[in-house]
Amino acid sequence: MTPFRFAAALTAASLLAAPNPACAQTHDSTLTGFPALASDFVYTSLAFTPANATQSGLHDWTNPYTGRRAHLDSLLDDFSPAAIAKQRAYFEKVQTRLAALDRSHLDAQTQADYDVVSNAAGFALFSLTRERFPQSRPQLYAEDLGNTLFSNIALEYASKDARAVDLTARVARVPEYVAVARRNLEATNEVFTRVALEETDGVIGLLKGLGMDFTRSTPSAGRYMSVAPAAVAALESYKLFIRDTLPRRGTVDWRMGPSMFDEKWKYSLQVSLTPDQMLRIAEDSMRTTRNAMLVLARPLHDKWFPDHEHTGDSAAVLNAIVSETLAHIGGEHANRDSLLEAAKTDVSELEHVTRDKHIISIDSFPNLRVIPTPEFMRGIYGVAGAVFAPPLDPALATFYWVTPIPAAWSTERADAKLREYNSYKMLDITMHEGVPGHVAQGAYANLLTPDWRRLLRWVYSNTPYVEGWAVYAEHVMMYDAHVDGGDPVKMKLTDLKGMLRIYANVIIDIRLHTRSMPGDSAVAFMMRDAFQERPEAEAKLQRAQLDYVQLNAYFAGVEEWTRLRQDVERREGAAFNLCRYHDTVLLYGALPVPAIRRLYMAGVAPTATIPASRCGAASAANDR
1381 MTPFRFAAAL TAASLLAAPN PACAQTHDST LTGFPALASD FVYTSLAFTP
1431 ANATQSGLHD WTNPYTGRRA HLDSLLDDFS PAAIAKQRAY FEKVQTRLAA
1481 LDRSHLDAQT QADYDVVSNA AGFALFSLTR ERFPQSRPQL YAEDLGNTLF
1531 SNIALEYASK DARAVDLTAR VARVPEYVAV ARRNLEATNE VFTRVALEET
1581 DGVIGLLKGL GMDFTRSTPS AGRYMSVAPA AVAALESYKL FIRDTLPRRG
1631 TVDWRMGPSM FDEKWKYSLQ VSLTPDQMLR IAEDSMRTTR NAMLVLARPL
1681 HDKWFPDHEH TGDSAAVLNA IVSETLAHIG GEHANRDSLL EAAKTDVSEL
1731 EHVTRDKHII SIDSFPNLRV IPTPEFMRGI YGVAGAVFAP PLDPALATFY
1781 WVTPIPAAWS TERADAKLRE YNSYKMLDIT MHEGVPGHVA QGAYANLLTP
1831 DWRRLLRWVY SNTPYVEGWA VYAEHVMMYD AHVDGGDPVK MKLTDLKGML
1881 RIYANVIIDI RLHTRSMPGD SAVAFMMRDA FQERPEAEAK LQRAQLDYVQ
1931 LNAYFAGVEE WTRLRQDVER REGAAFNLCR YHDTVLLYGA LPVPAIRRLY
1981 MAGVAPTATI PASRCGAASA ANDR
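Here the sequence shown stands for residues 1381 to 2004, where the numbers follow the working numbering.
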């Protein structure tokens, strides 16, 4: 799972955002027509959410309408009704301005940008008026606050002393931030409450740990020590509020229902398939993949379990043979304390393969940092995630974080997690999150020009593009570059199990939110049909309960990416060069894949170039 930035989700007051310039910035006043509108839109929408602005690199901003200047790195997001009303009015104004422009007079690249702005404004209004997460999701405030404070610490956008000043100013604002949350929240449910309590504890831990350590050697140390206790007290009070008071205000169903689901589907995915169509395809794909796994697993099963004879119906036999084989493979894993180091080793090896096999031209990532997942995000990132360097300051760190196994977990629970995320699966995840998946994706995205276009396509990135590329990248490494973890059959089975998980994502997300699938049935389905360990299945259920639609992006995206590659190969024949193809499509930025298809097939050049192409005349595809 990997968003482009620290923010976990699009929320009513917190639009998807990005990281950094060190100068005061609104938009380029020399621009006219649609570019001026787009520039104004991306900078203004970032300024609405200081958390995202810091992470996007927008540190100082001058309001083009009032002339007022704000240092965004010292502010917290404003979820007050007045602030949300201002955001709503602005996005409605953007829609009016878009309607007054003639899209047909724009060039192909700018038409793609027009569509991004149009969809983003509509999505924002849907979030503000229909989802209304600030009224029902107590975990939103913990996640947003943790992201905000962590960005001052982790992103080296200024000197440590300057960032300590910013962090301290934000910590001083925490009590009022919590007061707004308490006034806003109208209802909750058991899932939201449980996660909110866990993540609020994570933010308290950040204040007492990372925050204190970060400021200790700076001139802000004394000031931080004076404001942090009030922030901690406010958050402790918030925990009591969401545990004891909020449930009495009202209950909200985490199930969104068909209408909300379909509406978010339209804005979030931007694909041609309906939920019903994708559900049918996912169910068919699951059956086909399970049968393919049986063919691969049976010889291994006969070798490892010669005395295990399974009888009964075909589904039961398949489940027994495949699950026993996968369990044996799952025994090859790191210990509970070495997951992070194993991920670092995999990153290094994958960089070498990417270079040697001519997968992409950018094959080294010196600003990549592999770190433990911050505590306040572990409810969302149960395994791993990637966070890109800010588009306005791409030299800053890119993070690949790996979630450690909690020390409090029993040996049995930890072993189940390690079997699920065995050595083959963690290698697969590092392809996805790291190289040539999200980390590479971010490096290319940060090359786009001009600045407003890079920001626009980064901040409002299309999720199937993002997640679909990462799944596609796994397959490139396995089937083009022949990365197999030392055993091609075990790696293939691991990949197919991963695809089962992607199909299951679609099935449970749609059925949970639109067809009232019971939660325990979803867990049983994932364990039985997708061969997931119970902790993984329960974590996936929680993820589906906390959000909706996003789980479909992996399948929707990889389908689009796979079809596009196949069509390009057919059209280009012997001239097809995999490396040059990858360079080109990544340099378009995170547009919906259908838009990428239109640009590529029309021969429209990206508005960015890589420093030096390493593709040459050969490619992994040509070498197969």
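Glycine included, every Cβ here is placed at the ideal spot set by N, Cα and C.
Quick check: F1513 and L1520, are their CB atoms within less than 8 Å of each other? Position 133 of the sequence shown, counted from the first residue, corresponds to residue 1513. Position 140 of the sequence shown, counted from the first residue, corresponds to residue 1520. Cβ distance < 8 Å, so F1513 and L1520 count as in contact.
Tell me the rounded alpha-carbon separation between I1809 and A1764. Position 429 of the sequence shown, counting from 1, holds the residue named residue 1809. Position 384 of the sequence shown, counting from 1, holds the residue named residue 1764. Answer to the nearest angstrom: the Cα atoms are 8 Å apart.
Beta-carbon separation of L1426 and L1438 under 8 Å? Against the sequence shown, residue 1426 aligns to sequence position 46. Against the sequence shown, residue 1438 aligns to sequence position 58. Yes, the Cβ-Cβ distance between L1426 and L1438 is below 8 Å.
When burial is assigned at 16 or more other CB atoms within 10 Å of the CB, is Y1445 buried or exposed? Counting from one through the sequence shown, the residue named residue 1445 turns up at place 65. Exposed, since its Cβ has fewer than 16 Cβ neighbours within 10 Å.
Just how far apart, CA to CA, sit G1630 and T1568? The count along the sequence shown starts at 1 and reaches residue 1630 at position 250. The count along the sequence shown starts at 1 and reaches residue 1568 at position 188. For G1630 and T1568, the distance between alpha carbons rounds to 7 Å.
Shortest alpha-carbon distance to T1734 belongs to which of W1781, F1414, L1626 and M1858? To locate residue 1734, count along the sequence shown from 1; it is residue 354. That would be M1858, whose Cα lies nearest to the Cα of T1734.
So, helix, strand or coil for G1762, using DSSP? Locating residue 1762 in the sequence shown gives position 382, counting from the first residue. Three-state result, G1762: coil.
Measure how close the beta-carbons of A1707 and N1842 come, nearest whole angstrom, since I'm counting them as under 8 Å. Residue mapping note: residue 1707 aligns to position 327 of the sequence shown, counting from 1. Residue mapping note: residue 1842 aligns to position 462 of the sequence shown, counting from 1. A1707 to N1842, Cβ: 37 Å. No contact.
Mapping the DSSP letters down to three states, classify H1862 as helix, strand or coil. The sequence position of residue 1862 within the sequence shown is 482, counting from 1. Note: H1862 maps to coil in three-state DSSP.
Cross-strand partners of P1752 (DSSP beta bridge): Working through the sequence shown from its first residue, we reach residue 1752 at position 372. For P1752, which the question treats as bridged, DSSP gives the partners V1782.
Are Y1761 and W1781 closer than 8 Å when you measure CB to CB? Taking the first residue of the sequence shown as position 1, residue 1761 is located at position 381. Taking the first residue of the sequence shown as position 1, residue 1781 is located at position 401. In contact: Y1761 and W1781 (Cβ atoms closer than 8 Å).
Give me, in chain order, the residues of the same chain whose beta-carbon lies closer than 8 Å to that of A1722; leave out the 5 immediate sequence neighbours on both sides. Your numbering for residue 1722 matches position 342 in the sequence shown. Only A1714, S1803 and M1806 meet the Cβ criterion.
Let me check one thing: in DSSP terms, what residues is D1524 bridge-paired to? Within the sequence shown, residue 1524 is the residue found at index 144, counting from 1. According to DSSP, which records beta bridges pairwise, D1524 is partnered with nothing at all.
For D1963, which three-state DSSP category applies? The sequence position of residue 1963 within the sequence shown is 583, counting from 1. If DSSP states are grouped into helix, strand and coil, D1963 belongs with the helices.
If we count the other Cβ atoms within 10 Å of its Cβ and call it buried at 16 or more, is Y1840 buried or exposed? Position 460 of the sequence shown holds residue 1840. Burial call: buried.
Distance between N1671 and L1835 (C-alpha atoms, nearest Å): Your numbering for residue 1835 matches position 455 in the sequence shown. Your numbering for residue 1671 matches position 291 in the sequence shown. Roughly 44 Å separates the two Cα atoms.
Please work out which residues of its chain come closer than 6 Å, Cβ to Cβ, to A1936, disregarding the five sequence neighbours upstream and downstream, and give them in chain order. Here residue 1936 refers to the residue found at position 556 of the sequence shown. Setting aside the 5 residues that flank it on each side, A1936 is surrounded in the same chain by L1649, V1651 and P1844, each with a C-beta closer than 6 Å to its C-beta; the list follows chain order.
Per the DSSP calculation, S1449 is bridged to which residue(s)? As a first step, residue 1449 is located in the sequence shown; it is residue number 69 there, counting from the start. Strictly speaking, residue 1449 in this sequence is Arg, with Ser absent from that position. Answer is T1442, bridged to R1449.
P1771 vs W1838 beta-carbon contact at 8 Å: For the purposes of this step, residue 1771 is taken as the residue at position 391 of the sequence shown. For the purposes of this step, residue 1838 is taken as the residue at position 458 of the sequence shown. Contact flag set, yes.
Test item: CB-CB of F1414 and L1529 under 8 Å: Residue 1414 sits at position 34 when you count from the first residue of the sequence shown. Residue 1529 sits at position 149 when you count from the first residue of the sequence shown. Pairing F1414 with L1529 gives a Cβ-Cβ distance that is not under 8 Å.
Extent of the continuous alpha helix (DSSP H) to which A1642 belongs: As a position in the sequence shown, residue 1642 is number 262, starting the count at 1. Ala is not the amino acid found at residue 1642; the sequence shown has Asp there. First-last of the alpha helix (DSSP H) with D1642: G1637 to L1649.
What's the call for M1906, buried or exposed, on a 16-neighbour Cβ count within 10 Å? Along the sequence shown, one-based indexing puts residue 1906 at 526. It counts as buried.
Determine, using beta carbons only, whether G1692 and A1766 come nearer to each other than 8 Å. Taking the sequence shown and counting its residues from 1, one reaches residue 1692 at position 312. Taking the sequence shown and counting its residues from 1, one reaches residue 1766 at position 386. Between G1692 and A1766, the gap from beta carbon to beta carbon reaches 8 Å or more.
Could you compute how far the alpha carbon of E1570 sits from the alpha carbon of D1633? As a first step, residue 1570 is located in the sequence shown; it is residue number 190 there, counting from the start. As a first step, residue 1633 is located in the sequence shown; it is residue number 253 there, counting from the start. The alpha-carbon atoms of E1570 and D1633 are separated by roughly 10 Å.
Count the other CB atoms within 10 Å of the CB of E1511; is the residue buried (16 or more) or exposed (fewer)? Within the sequence shown, the letter at position 131 stands for residue 1511. Under this definition E1511 is a buried residue.
Give me the Cβ distance between A1662 and A1982, rounded to the nearest whole Å; I'm assuming they're in contact under 8 Å. Within the sequence shown, numbered from 1, the residue matching residue 1662 stands at position 282. Within the sequence shown, numbered from 1, the residue matching residue 1982 stands at position 602. The pair is not a contact, with the Cβ atoms about 31 Å apart (cut-off 8 Å).
In this structure, does DSSP put V1607 in helix, strand or coil? Within the sequence shown, the letter at position 227 stands for residue 1607. Helix, per DSSP.
According to DSSP, is T1810 helix, strand or coil? Taking the first residue of the sequence shown as position 1, residue 1810 is located at position 430. If DSSP states are grouped into helix, strand and coil, T1810 belongs with the helices.
What separation, rounded to the nearest whole angstrom, lies between the Cα atoms of P1401 and I1888? By one-based count along the sequence shown, residue 1401 stands at place 21. By one-based count along the sequence shown, residue 1888 stands at place 508. For P1401, the predicted structure reports a pLDDT of 34, less than 50, and the residue's modelled location is therefore unreliable. A value from the coordinates is still provided. Whole-angstrom Cα-Cα distance: 41 Å.
Range of the contiguous alpha helix (DSSP H) that encloses P1415: Residue mapping note: residue 1415 aligns to position 35 of the sequence shown, counting from 1. First-last of the alpha helix (DSSP H) with P1415: G1413 to A1427.
One question on the structure: do K1644 and V1973 come within less than 8 Å of each other, judged by their Cβ atoms? Mapped onto the sequence shown, residue 1644 falls at position 264. Mapped onto the sequence shown, residue 1973 falls at position 593. No.
In the DSSP assignment, what residue or residues form a beta bridge with T1568? Locating residue 1568 in the sequence shown gives position 188, where the first residue counts as 1. Its beta-bridge partners are T1631.
For the alpha helix (DSSP H) containing A1552, name the first residue and the last one. Here residue 1552 refers to the residue found at position 172 of the sequence shown. Start and end: K1540 to A1552.
Quick check: what's the CA-CA separation for G1878 versus V1869? Taking the first residue of the sequence shown as 1, we reach residue 1878 at position 498. Taking the first residue of the sequence shown as 1, we reach residue 1869 at position 489. The alpha-carbon atoms of G1878 and V1869 are separated by roughly 14 Å.
State the Cα-Cα distance for the pair D1624 and D1581, rounded to the nearest angstrom. Looking up residue 1624 in the sequence shown gives position 244. Looking up residue 1581 in the sequence shown gives position 201. Going from the Cα of D1624 to the Cα of D1581 covers about 16 Å.
For V1984, which of helix, strand or coil comes out of DSSP? By one-based count along the sequence shown, residue 1984 stands at place 604. DSSP places V1984 in coil when its eight states are reduced to three.
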